[in-house]
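In what follows, a single structure is set out as structure tokens and then discussed.
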Amino acid sequence: MKYWLMKSEPDVYSIDTLAKDKTTWWEGVRNYQARNFMTQQMEEGDLVLFYHSNAEPPGVAGIAKVSHKAEPDKSQFDKKSEYYDAKATKEKPQWLCVQVEFVQKFKHLVSLAELRENKSLADMVVLQKGSRLSVQPVDKKHFDILKKLGGV
DNA sequence: GCCAACGTTGGC
DNA sequence: GCCAACGTTGGC
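Structure representation (structure tokens):
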């Protein structure tokens with residue numbers, strides 16, 4: 013089993029929305045590196061740190077898990093969607109995404125500032141300078157520390 | 001709202 | 001294939 017961090021803007025889709033929905037397809041990723049993690053490495057059962065970006069404060073809000081392997085992202089075919097991609101066809105989809113399922117919300121949101129304060133987390137991708145990747149791998153040791161910091 | 005860092009596009 | 005211009009991300 014592997015561990016991941018996935019970013020979402022809570023104004024658009026928050027951990028609370030996922031708690032209500034139970035599951036969601038992670039549509040809208042339009043970055044090849046992020047897509048490749050989803051298509052090539054993510055497996056059902058992998059655990060995900062749900063990260064709130066562009067938030068006050070930004071940070072890890074809870075845990076989700078991969079509940080279905082990557083399938084074509086429907087939003088690429090939807091002309092009305094901001095994620096529409098004219099180059100994509102049903103025969104040759106450009107974008108795929110996994111389905112994730114709510115696991116738990118942290119008792120305490122672990123803010124980006126807290127992550128930076130914790131020296132043992134310094135290697136996390138999300139803390140690297142200029143890191144914008146919205147789907148990224150996480151070490152098990154870092155995942156375990158995050159659970160403790162989150163109070164679960 | 002600003003802007004640094006990064007990814008993508010397109011001219012050559 | 002290089003790289004300047006442009007668009008986006010995301011913290012602050």
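Residue numbers for the first sequence follow our numbering, beginning at 13 and rising by one.
Every residue, glycine too, gets a C-beta built ideally from N, C-alpha and C.
My assumption, with CB atoms under 8 Å, is that residue i sits in contact with residue j. Please give the rounded CB distance.
i: Q5; j: K14; result: Within the shown structure, residues of the chain are numbered from 13 to 164, placing residue 5 beyond reach of any answer.
i: M50; j: A98; result: That pair is no contact at about 22 Å.
i: P105; j: A67; result: Incorrect: roughly 30 Å between the Cβ atoms, too far for contact.
i: T36; j: Q111; result: 7 Å
So if DSSP puts residue i in a beta bridge, which residue, or which two residues, is it bridged to?
i: Y95; result: In the DSSP output, where bridge partners are listed per residue, Y95 has none listed.
i: V78; result: V112
Can you give the Cα-Cα distance for residue i and residue j, rounded to whole angstroms?
i: E94; j: K160; result: 37 Å
i: V150; j: H64; result: 16 Å
i: G162; j: S123; result: 10 Å
i: L59; j: G40; result: 20 Å
i: K178; j: Q116; result: A question about residue 178 goes unanswered here, because the residues of the chain that appear run from 13 up to 164.
i: F118; j: W107; result: 30 Å
i: L61; j: K86; result: 24 Å
i: S146; j: A73; result: 15 Å
i: K102; j: F89; result: 8 Å
i: W16; j: Q140; result: 15 Å
i: G71; j: S132; result: 17 Å
i: W38; j: C109; result: 6 Å
i: A31; j: A100; result: 31 Å
i: T29; j: K152; result: 26 Å
i: M136; j: G142; result: 13 Å
i: K34; j: S26; result: 12 Å
i: E56; j: L158; result: 21 Å
Around the Cβ of residue i, are there at least 16 other Cβ atoms within 10 angstroms (buried) or fewer (exposed)?
i: D156; result: exposed
i: K19; result: buried
i: R144; result: exposed
i: H120; result: exposed
i: V138; result: buried
Any heavy atom of the ligand NAD within a distance shorter than 8 Å of the CB on residue i?
i: F114; result: Ligands are entirely absent from the displayed structure, and the ligand NAD is therefore not among its contents.
Check: Pairing CB atoms from the stretch 123–141 with CB atoms from the stretch 75–89, are three or more of them under 8 Å?
Finding: no
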